[in-house]
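What follows is a set of notes on a single structure, which appears directly below.
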Amino acid sequence: MQSSAMLMPISRTHFVRTLKIFCKYYSSILNKNAISTMASSTSLSYTSRDLDPPFFIGETCKSMDQLKQIHCRTIKIGLTKQPIFLNKIISFCCINESGDMDHALKLFNQIPEPKSVFHWNTMIKGYSRIDRPKHGISMYLDMLKRNVKPDNFTFPFLLKGFNRNVGFSCGKELHGHVVKFGFASNAFVQNALIHMYSLCGQMEIARAVFDISCKMDVITWNVILTGYNRVKQYDETSKLFREMEKNGLIPTSVTLVSLLSACSKLRDLEIGKRVHKHIKKCEIEPNLILENALMDLYAACGEMDVAVGIFDGMKTRDVISWTTIVSGFVNKGEIELARNYFDQMPERDNVSWTAMIDGYIRVNCFKEALVLFRQMQASNIRPDEFTVVSILTACAHLGALQIGEWIKAYIDRNKVKNDVFVGNALIDMYFKCGSVAKAQRVFSEMPRRDKFTWTAMIVGLAINGHGEEALGMFSEMLRASIKPDEITYIGVLCACTHAGMVDEGRKCFASMTTEHGVEPNVAHYGCIVDLLGRAGHLQEACDVIKNMPMKPNSIVWGALLGGCRVHKDVEIAEMAAKQILELDPENGAVYVLLCNIYASCKRWDSLHELRESMMDRGIKKTPGCSLIEMNGVVHEFVAGDRSHPQSKEIYLKLDNMTSDLKLAGYSPDTSEVFLDIAEEDKESTLYWHSEKLALAFGMISSGPGVTIRIVKNLRMCVDCHRVAKLVSTLYDREVIVRDRTRFHHFRLGLCSCKDYW
DNA sequence: GTAGGGTTAG
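Quick note: the first sequence uses full-length UniProt numbering, first residue 1, plus one each step.
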């Protein structure tokens, strides 16, 4: 035991009162002299503050330090010989929040055999408290070995510490012991069993235990309701609640919280409002958790006025109350209001930070999301699996591979729960940063895969130019008995499109209904029109549109227009553009595409007319914009941009590069420039394209041989594509450009898209 | 002498 001088002081009153309690209960074993000796022999410093009326060590002691001081004194006067005193100390170590289980075990081992089941139970409870279920189990086995029989307390203590890792097999075996020792009809034990099974995700077995229980206990119902909430079967929660009412049980506030939580997830405002009325009518004391749950219901259903009303009326608020309001506004896309509340929060935890980061992602403000993430780290709040999924999503959109890699390392280093969501987000991030091999590696290491995992692989491989492998993945997915859904088929059709596999695409489109019962929706028709159009089967694409069972939307017509651009078909293009503008008159991209087509077909009159009508209507081209990440910072360029601090060097580099390329035989491709200007000016327009600026910046900011990765918001133009190919061979640099629809991996003068995009 | 089961936010 440490010397008392090293320990935190306890008050004299505190110490004496603790001893007096013992005196009161065990006066026969203590003499008054011993007490006064103990009291006066203490050399500790005292404080004069009042303490709560103490009853036992467990309630008077505030910490292990205080406990050790008392223990130290009692050793001096020989009190520890009394088993009752030892029990108290062990109980404290096991039950108290600051209790020390190593210390408890040392004292436990000092108790002479045979130890009572009470002692064993206390130790088991302690191990559950500190989340060491395995220690609890070995305690229990040890107890059986010494022929001590468990009682009705043993199993609830033991089971409480169980989690998914200790597993379901162990829980099932223990269930056998429960039956064998005759506690199967004990309500406490039943509740603990239901809880354990639902923690392991075994709701069917949990339900079986529930069904044979006497169902007289509200808590049994509460356990099963939370179980269904945990596995996200919210409709079952709602159903069981109605059954509970039928059985005449009075819900507690815990029941109502569970029900409200389910209503919130189901967006069931009607039942939710009934609960709210019930709370008011029955004058149920609105505790903090219940108010938070009510607020969440209204926030989830978009009724922010009501949610804020509850928030304003709350006597006390915790971090959850604030976060609920923040995420309520996030859900409505009201990012500024969300941020306003976020900034006012008295404290923020990882959930609040993640909610706000997620808010920026939902409104496509990915850079803002990363900025907030840096602030979160600066505040020493640890990211968890939700946070990393959000940040990886932002990285995927921005093509920020370095930050993404950093997150991957963080996950491995800090043992962030690497669940299927995290795996899927990593796969998506790697693919959208053009890192095919790394995405495949994450996939191969995933212990569990869901249909999102497979879909991410199919789409990822497809956009990176590995169409055949993408279809291979699809077959593998079917072999693994994962049922494809409509999203999977979008991926499959997209794979066929990028690889130009027209026959495969037609077959897949036909088999989705016949073999997997997935009815094609308008998006699938968009894919098949894209597939046919790009491959030059424009008439067939038109026929598909004519015969589709629903009204084609602007995306379907847009796909046809895209095909017309590749194959320079002015007639069909004009028809498609007309259809789009009827559906979506403000669609600037359509004008631009049609301009491109007129320019490349040299239809100058039509081009001129279209340009005029664009100006009249005030329609502007979406400015091209390229992102490049350098040392964890994302740089953004728009065409003709001179705002970058290294702008001078960038343009100088671009000059040099262009000279080099011209020597190597490059001539600018101005065919798609539709501005009514002189030929030299067309060249300089091309020359300012944002991806060229980003490319030049990449060249001057990274060492030789380093891969340059660029993300572009629009489709790459023919000229930039040509330049990137030449750069990749002339300077021996791999260049990866992600455009609006796919990747271009430039290596040794060739592109992975095989010039098909 | 003594210890047991349930709840909210991303």
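Yeah, the Cβ is synthetic: ideal placement off N, Cα and C, and Gly gets one too.
Does the separation of the CB atoms of residue i and residue j fall below 8 Å?
| i | j | result |
| --- | --- | --- |
| Gly399 | Arg709 | yes |
| Met501 | Gly467 | yes |
| Ser352 | Val319 | yes |
| Gln125 | Cys94 | Before going further, note that residue 125 is Lys rather than Gln in the sequence given. Yes, the pair counts as a contact, with Cβ atoms nearer than the cut-off. |
| Glu368 | Val422 | no |
| Ala462 | Ala495 | yes |
| Ile403 | Leu372 | no |
| residue 827 | Leu714 | The chain is shown from 1 up to 757; residue 827 falls before or after that span and cannot be answered. |
| Asn292 | Val254 | no |
| Val209 | Ile194 | yes |
| Val275 | Leu249 | no |
| Gly161 | Gly182 | no |
So what does residue i bridge to, in DSSP terms?
| i | result |
| --- | --- |
| Arg709 | Ile736 |
| Cys625 | Val638 |
| Leu747 | Reading the sequence as shown, one finds Arg at residue 747 and not Leu. Looking at the DSSP assignment, Arg747 forms a beta bridge with Leu750. |
| Val633 | Met630 |
Which word fits residue i, buried or exposed, when buried means at least 16 other C-beta atoms lie within 10 angstroms of its C-beta?
| i | result |
| --- | --- |
| Ala192 | buried |
| Ala425 | buried |
| His721 | buried |
| Lys315 | exposed |
| Thr154 | buried |
| Thr455 | buried |
| Ser198 | buried |
| Asp419 | exposed |
| Val633 | exposed |
| Ala5 | Reliability fails at Ala5, whose pLDDT of 34 lies under 50, so the model's placement of it is uncertain and no value is given. |
| Asp755 | exposed |
| Asn414 | exposed |
| Gly705 | exposed |
| Arg374 | exposed |
| Gly749 | exposed |
| His608 | exposed |
| Val737 | buried |
| His278 | exposed |
| Arg742 | buried |
Kindly give me the distance between the Cβ atoms of residue i and residue j, rounded to whole angstroms, as I take these residues to be in contact under 8 Å.
| i | j | result |
| --- | --- | --- |
| Val257 | Leu290 | 6 Å |
| Val723 | Leu661 | 7 Å |
| Ser390 | Asp358 | 5 Å |
| Leu561 | Val590 | 7 Å |
| Trp322 | Met345 | 5 Å |
| Lys725 | Glu691 | About 13 Å separates the two Cβ atoms, so there is no contact after all. |
| Gly505 | Gly533 | With 8 Å as the limit, Gly505 and Gly533 do not qualify as a contact, their Cβ atoms being about 12 Å apart. |
| Leu297 | Leu260 | 5 Å |
| Cys595 | Val570 | Actually they are not in contact, since the Cβ atoms of Cys595 and Val570 sit about 12 Å apart, beyond 8 Å. |
| Met446 | Leu392 | Between Leu392 and Met446 the Cβ distance is about 14 Å, and since that is not below 8 Å, they are no contact. |
| Ile580 | Trp557 | 5 Å |
| Asp719 | Asp655 | That pair is no contact at about 16 Å. |
| Phe188 | Pro156 | 5 Å |
| Lys451 | Asp485 | 6 Å |
| Thr237 | Asn247 | Contact doesn't hold; Cβ gap of about 16 Å is too wide. |
On a Cα-Cα basis, can you pick out the residue from the options that is closest to residue i?
| i | options | result |
| --- | --- | --- |
| Trp538 | Met548, Ala573 and Thr514 | First, the residue type needs correcting, since residue 538 is Leu and not Trp in the sequence shown. Among Met548, Ala573 and Thr514, the Cα nearest to that of Leu538 belongs to Ala573. |
| Met657 | Asp681, Val420 and Tyr687 | Tyr687 |
| Gln110 | Phe443, Lys172 and Asn87 | Asn87 |
| Thr685 | Ala696, Val706, Lys507 and Glu672 | Glu672 |
| Gly460 | Gly517, Ile555, Ala396 and Asp450 | Ala396 |
| Asn521 | Asn553, Arg449 and Gly536 | Asn553 |
| Lys180 | Ile205, His498 and Leu144 | Leu144 |
| Met614 | Glu586, Phe474 and Ser435 | Glu586 |
| Gly665 | Leu730, Lys432 and Met304 | Leu730 |
| Glu636 | Asn596, Ala694, His516 and Ile361 | Ala694 |
| Lys432 | Ile335, Ile458 and Glu445 | Ile458 |
| Gln202 | Lys215, Ala187, Thr226 and Gly182 | Thr226 |
| Ser659 | Glu612, Val388 and Val727 | Val727 |
| Ala639 | Asn631, Ile650, Glu629 and Met630 | Ile650 |
| Ser128 | Asp100, Gly176 and Asp605 | Asp100 |
| Glu173 | Ser481, Leu141 and Val148 | Leu141 |
| Lys280 | Lys507, Ile310, Ala409 and Glu469 | Ile310 |
| Leu269 | Arg362, Trp120 and Val306 | Val306 |
Please find out if some non-hydrogen atom of the ligand SAM comes closer than 7 Å to the beta-carbon of residue i.
| i | result |
| --- | --- |
| Ala589 | The ligand SAM is absent from the structure shown, which contains no ligands of any kind. |
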